[in-house]
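Visitor:
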Ligand SMILES: Nc1ncnc2c1ncn2[C@@H]1O[C@H](COP(=O)(O)OP(=O)(O)OP(=O)(O)O)[C@@H](O)[C@H]1O
Ligand SMILES: [Mg+2]
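Residue numbers (my numbering), protein chains in the order written: chain A, 1 to 275; chain B, 1 to 860.
Here it is in structure tokens:
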């Protein structure tokens, strides 16, 4: 599949940093990781509202996340983490700039094409409210497959649910599961389609530290074992230390990057960003 | 607290639209009914009062109306006495009768009134032409004449109506016929409801005499100059020994009396017919309101909890909820009343009750018509909000502290409710069944009502259960079906009150459909019993032969299975001594004229449905009425003086004819009497009402205008009965449609509110890859599911109750129970549920599909 290149982009909004205005291609500070990027954005601008009241949530961001890696996005509250993730995941459209998923340009897609792309190629994990209350755990897990009319891979389902420890809970409804169990069901659902990228927005935010740690271990395991690509937004330095690399965001700009992060390194960087 | 309530109300105004619409429709119906009947009442008032106001004094003569035989003489005497009374200038009998008329080749029934010679008694105004002054001239009511395309100069033919079948022994001579010219038109201010669609003919006394129209209902008096009215009244009362049947009043008094008698009764009857439908509409609207407030309060439960945390008492929460409901009820009821007034204005105009659609001055807008609907709307809103308010009040303060709002636990139906539901349903069904078996309406009707209450109590378990069953079917439609069926029943109370509203409307419609189908069935059986011959054609003028060629044309019609021509002869006969009325002698009673008809038994077997086997050589068949009144019984041998001599026949009773005798054709020929083709009988191929065949029969009758013919028999009876029933059904269904529309609005309401509540879910689904179309489809399926469940249950319950009611009614009037289920119409009603559901989902679905996957996922 190939899509026409994004010539529909308007000349990008001016940026104080100068840099790569309106230029196609992936130039920038992360250029070296670009060729293998599973998901990337170039010259991303997202403005909420307009005029004086407009908020520039993303201010000309160039970023790429390598495949088969566990990446974290961190930054102070309001720095644009969720916005970035929504744009990369095709949940929201950037005001300008380009989003690539593998070699697909998401910015040119219609709503329907975007929806199908999300369904078949992306997995999601949210902080809470991941599951539909009317469906059982198993129905929830299989929902993306059902929506696309694909046959579930039973073996993959068993493998996932067993390793997540929810194989005995499949007939239960979300209201009959603990928060941690609910979140593990959501993980199984995110992985069932073997998506190219799993996006997670503070997946451990509503969990106690033990359940949170378990979940992160599992995500890390999926990256190591199956070569899954995971991009996670988090506030928690402990959570971030499970990742292979951390990208720091401040005021809608990339403010740095830490490979093989430790808790201390992350805390340190955050403190320097000044919250 | 009050300010908070108002703020919340303003914040949620959009969510109240559907509930408001429901109240507006229900209240509007009630208001429209009251204003309409009021309008009608005031327009009728003029019509009824005007003739009386023209006279100084009116003698209201109830006897004159029904006078017959020697009563006629007493009436004449009374009239003479009135004329002889001192102070009376003129006394004119007020004739108000009916006549058959024909113009431009068509036949009509008209009202035939007297045109007084005295200008003062002519209470109408001349609109066109001049008043009639010769016995061959008449004036007509303007509005009706216009629509009948009549104008001055046209000629019409008048004839008194003949009895449908002459009583035994009565002369068969037709009443005299007169051709008259229309000299002018008068404006009597009539309208559809006062018979304005029928032409009123005002004829001078001379013409009335010629036509033989003698009866009247009142005498209009003009008093001599200077006469003392009260003295004349006293004198008249004394002379006429006025009492129960004869009353003497001044014109004004008589006008007041007539207005009270007539318009009050009509308005009361109209209200009694229409208002129950308004009540049903409001009742159904109540379900929509219950749902709206339940959902609103559920959505606000965290806010209520927070209020409780900061110190609001339960009572305050409850009062705030009720106050909100009352405010909504008041505003929407006022809007509904205005809407109702507008509706009745639009309806009144084409009926001729008002001069224009904006002629509000002529509308009967009484204080009651304005206040009662508002009060009704307020009451319904208040009652419907009690339970939701009570639930809102019970929110625990702790609920505010929970991180994620509880997914509304599906509340289970209470034990007490379940028990009373079972008791009511079982007891009610028992009474209904008992009433059906015993033919007791007094048992069946309360039983039915009791069972309805039971079923309504059951709905919170019944409807989700049925919906789940249907839901399994929908799962086969893929993920949208699965989601829709799950969503539809996740809140049993909400689902049940949504579907119940529809169930009530549909149930009533199906009850009526089934009832009328059964009534039609029963009537057809009765008609088959009493009218063994499908088609009977005779000359309209009794004794005249049927014109040539009619028989062939009848036989050639598609739908005619067999025809037979009956020859007939008239003969006169003296009553036997034994059947003379008490005290009467032979001289008092003239001989009776009968008609004997002959037909070959084999032919009779072809054209009749039953009863042909009784006709044999030497037998005379007669209706049982003749046998009874002449003191004969079946098997008697009597001599009938037909033809030159007289022959003896063995008597048998029959339903084949309504008067006279039926013989075999050879027996009739043997009498040597002069005969002519008296009637033509035919059997139709179909034994139910076939509009095309009835139409062809009618045009057959119209073609034979030179010698008018009558077409009777079972076919006509079936047609009349079916048409009357269908018209009634159409009107009542139309009235019930308001309730059904409100119920469909209710579905849209529930869906719309649920969509708001499930905003995050919709967004999650969209994030996971549900397309907009699929999301809309999910909602459409959910709505269809709710609609189909309500409709199917309504249909089922409607049929069951109709079964009980029909059985009880038929038993009650002593007819064999005949029950028919109108399958096609029933399936049509159920099929309508699908488009209705889809329609109800359009707006909510559009809203749901607007949800941005990302926006809705961000934390509140
Ligand atoms: N729908 C919206 N409308 C207007 N402004 C928004 C909207 N969503 C986010 N913003 C603004 O955009 C900026 C970035 O928001 P974003 O949600 O991406 O922050 P975040 O880094 O995820 O913060 P947090 O850590 O608190 O979740 C903020 O200033 C926020 O107020
Ligand atoms: Mg965020």
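By construction, the Cβ of each residue, glycine as well, lies at the ideal position given by its N, Cα and C atoms.
Using DSSP with H/G/I as helix, E/B as strand and the rest coil, what is residue 130 of chain B?
Guide: Looking at residue 130 of chain B - three-state DSSP - the assignment turns out to be coil, as it is neither helix nor strand.
Visitor: Mind listing the chain A neighbours of residue 487 of chain B? Cutoff is C-beta to C-beta under 8 Å, in chain order.
Guide: The answer, in chain order, is 134.
Visitor: Let's test the definition: count the other Cβ atoms within 10 Å of the Cβ of residue 86 of chain A and tell me whether it reaches 16, buried, or not, exposed.
Guide: Classification for residue 86 of chain A: buried.
Visitor: Is residue 14 of chain A close to chain B? Criterion is C-beta to C-beta, closer than 8 Å.
Guide: Confidence at residue 14 of chain A is low in this model, with a pLDDT of 39, below 50, so the placement of that residue should be treated as unreliable; the coordinate-derived value is given next. Not an interface residue.
Visitor: Of all the CB atoms in chain B, is at least one closer than 8 Å to the CB of residue 195 of chain A?
Guide: Taking Cβ atoms only, chain B never reaches closer than 8 Å to residue 195 of chain A, which makes this a no.
Visitor: Taking the beta carbon of residue 610 of chain B as the centre, do at least 16 other beta carbons fall within 10 Å, making it buried, or is it exposed?
Guide: Answer is exposed; the Cβ neighbour count stays below 16.
Visitor: Would the beta-carbon of residue 291 of chain B fall within 8 Å of that of residue 494 of chain B?
Guide: For residue 291 of chain B and residue 494 of chain B, yes; Cβs fall inside 8 Å.
Visitor: With 16 as the cutoff for other CB atoms within 10 Å, does residue 31 of chain A come out buried or exposed?
Guide: Residue placement at residue 31 of chain A cannot be trusted, given a pLDDT of 39 that sits under 50; what the coordinates show is reported in the next sentence. It counts as exposed.
Visitor: Per DSSP, residue 221 of chain B is paired with what?
Guide: Bridge partners of residue 221 of chain B: B:57, B:91.
Visitor: What is the C-beta distance between residue 784 of chain B and residue 731 of chain B, in whole angstroms, given that I count them as a contact (C-beta under 8 Å)?
Guide: Not a contact, Cβ separation roughly 29 Å.
Visitor: Any heavy atom of ligand 1 closer than 7 Å to the CB of residue 81 of chain A?
Guide: Yes; taking the cut-off as 7 Å, the Cβ of residue 81 of chain A has a heavy atom of ligand 1 nearer than that.
Visitor: Could you compute how far the alpha carbon of residue 91 of chain B sits from the alpha carbon of residue 80 of chain B?
Guide: Cα to Cα, the separation comes out at about 9 Å.
Visitor: So what does DSSP say about residue 450 of chain B, is it helix, strand or coil?
Guide: It is helical.
Visitor: Could you tell me the alpha carbon to alpha carbon distance between residue 85 of chain B and residue 35 of chain B, rounded to whole angstroms?
Guide: Spanning the two alpha carbons is a distance of roughly 46 Å.
Visitor: Between the stretch 470-495 of chain B and chain A, which residues of the former have a C-beta closer than 8 Å to a C-beta of the latter?
Guide: For the stretch 470-495 of chain B, which is checked against every Cβ of chain A, the residues closer than 8 Å are 478, 479, 482, 483, 486, 487, 490.
Visitor: Residues of the stretch 142-170 of chain A with a CB closer than 9 Å to any CB of chain B: list them in chain order, please.
Guide: Those residues of the stretch 142-170 of chain A that come within reach of chain B (Cβ to Cβ, closer than 9 Å) are 143, 144, 146, 147, 148, 149.
Visitor: Please check the pair residue 223 of chain A and residue 68 of chain A, which I expect to be a contact at CB under 8 Å, by giving their CB distance rounded to whole angstroms.
Guide: Right, the Cβ-Cβ distance comes to about 7 Å (below 8 Å), so this counts as a contact.
Visitor: Please look up how many angstroms separate the CB atoms of residue 562 of chain B and residue 607 of chain B, rounded, as I've assumed it's under 8 Å.
Guide: Confirmed, about 5 Å.
Visitor: Where does residue 813 of chain B sit, in a helix, a strand or coil, going by DSSP?
Guide: Of the three classes helix, strand and coil, the one that applies to residue 813 of chain B here is coil, per DSSP.
Visitor: Is any non-hydrogen atom of ligand 1 found closer than 7 Å to the C-beta of residue 493 of chain B, if you look at the structure I gave you?
Guide: No, the beta carbon of residue 493 of chain B sits no closer than 7 Å to any heavy atom of ligand 1.
Visitor: Would you say residue 233 of chain A touches ligand 3, meaning its beta carbon is less than 7 Å from a heavy atom?
Guide: As presented, the structure is devoid of ligand 3, carrying ligand 1 and ligand 2 as its sole ligands.
Visitor: Candidates B:498, B:348, B:564: which alpha carbon is nearest residue 745 of chain B's?
Guide: The option with the nearest alpha carbon to residue 745 of chain B is B:498.
Visitor: Counting only Cβ pairs nearer than 9 Å, list the residues of chain A close to residue 771 of chain B.
Guide: Chain A residues near residue 771 of chain B: 111, 112, 115, 116, 119, 147.
Visitor: Comparing the C-beta of residue 785 of chain B with each C-beta of chain A, is any distance below 8 Å?
Guide: Answer no: the Cβ-Cβ gap between residue 785 of chain B and chain A never drops below 8 Å.
Visitor: Using only CA atoms, which one of B:537, B:108, B:463, B:113 lies nearest to residue 93 of chain B?
Guide: Measuring from the Cα of residue 93 of chain B, the nearest candidate turns out to be B:113.
Visitor: Can a CB atom of chain A be found closer than 8 Å to the CB of residue 756 of chain B?
Guide: With 8 Å as the cut-off, residue 756 of chain B does not count as an interface residue toward chain A.
Visitor: My output table needs one value for residue 139 of chain A: the three-state DSSP class, helix, strand or coil.
Guide: In the structure shown, residue 139 of chain A sits in a helix (DSSP, three-state: H, G or I).
Visitor: Specify the secondary structure class of residue 779 of chain B as computed by DSSP and reduced to three states.
Guide: Three-state result, residue 779 of chain B: helix.
Visitor: So, are the CB atoms of residue 348 of chain B and residue 326 of chain B less than 8 Å apart?
Guide: No, Cβ-Cβ distance for residue 348 of chain B and residue 326 of chain B is not below 8 Å.
Visitor: Does the stretch 539-551 of chain B come close enough to the stretch 819-832 of chain B to have 3 or more Cβ pairs within less than 8 Å?
Guide: Segments in contact, no.
Visitor: Does residue 59 of chain A come within less than 8 Å of chain B when only Cβ atoms are used?
Guide: Judged by the 8 Å Cβ criterion, residue 59 of chain A is not in contact with chain B.
Visitor: Determine the burial state of residue 81 of chain A: buried for a count of at least 16 other Cβ atoms within 10 Å of its Cβ, exposed for fewer.
Guide: Per the 10 Å Cβ criterion, buried.
Visitor: Which stretch, first to last residue, makes up the beta strand (DSSP E) that contains residue 862 of chain B?
Guide: Nothing can be reported for residue 862 of chain B: it is not among the residues displayed for chain B, which extend from 1 to 860.
Visitor: List, in chain order, every chain A residue whose beta-carbon is nearer than 8 Å to that of residue 766 of chain B.
Guide: What residue 766 of chain B touches in chain A: 115.
Visitor: Identify which residue in B:821, B:358, B:296, B:596 has its Cα closest to the Cα of residue 518 of chain B.
Guide: Taking only the C-alpha atoms, the option nearest residue 518 of chain B is B:821.
Visitor: Could you tell me the alpha carbon to alpha carbon distance between residue 50 of chain B and residue 145 of chain B, rounded to whole angstroms?
Guide: Between residue 50 of chain B and residue 145 of chain B, the C-alpha separation is close to 20 Å.
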